[in-house]
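Step one of this worksheet: look at the structure below.
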């Protein structure tokens, strides 16, 4: 397989694992809170803020889990996070190291969230 798009099968495997949590968002929250407590790159999820989120504060959706790697971070950090998620969800695939064609979610300081190629911002 061409290593350029090695993130594609990784994402497919992660999605297959996440579907199990379709009706178990509390369990997914607990798992991600534990993982995030051990990884500074996930601090932005703010699990320590008990006052945020209202009655749903102990839930997380699968898109937020995938979004951990889709932020505007370096490929090296993306690989670190992929390894962590692979361990947390017991994926049999190695974490990808190349992310050609990968889409990033722009989150910081923008009124609208949008997807774009990593490193290329279009407004």
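Numbering (the working numbering), first residue to last: 58 to 180.
Glycine included, every Cβ here is placed at the ideal spot set by N, Cα and C.
Quiz item: To the nearest whole angstrom, what separates the beta carbons of residue 98 and residue 138, a pair I think is in contact under 8 Å?
Solution: Indeed they touch by this definition, with Cβ atoms about 6 Å apart.
Quiz prompt | Coarse secondary structure for residue 160, derived from DSSP in three states | solution = Under the three-state reduction of DSSP output, residue 160 falls in the strand class.
Practice problem: Identify which residue in 136, 123, 140 and 60 has its Cα closest to the Cα of residue 69. | Solution: Cα-wise, what sits closest to residue 69 is 123.
Practice problem: Could you work out which residue in 66, 155 and 92 is closest to residue 125 when comparing CA atoms only? | Solution: Closest option to residue 125, Cα to Cα, is 92.
Quiz prompt | residue 133, buried or exposed, once every other Cβ within 10 Å from all chains shown has been counted against 16 | solution = A residue is called buried when at least 16 other Cβ atoms come within 10 angstroms of its Cβ; residue 133 does not meet this threshold and is exposed.
Exercise. Sort 82, 65 and 63 by Cα distance to residue 120 and report the nearest one.
Key: The shortest C-alpha to C-alpha distance from residue 120 to any of 82, 65 and 63 is the one to 82.
Exercise. Specify, as a first and last residue, the run of the alpha helix (DSSP H) that residue 119 falls within.
Key: Counting along the chain, residue 119 sits inside the alpha helix (DSSP H) bounded by residues 119-124.
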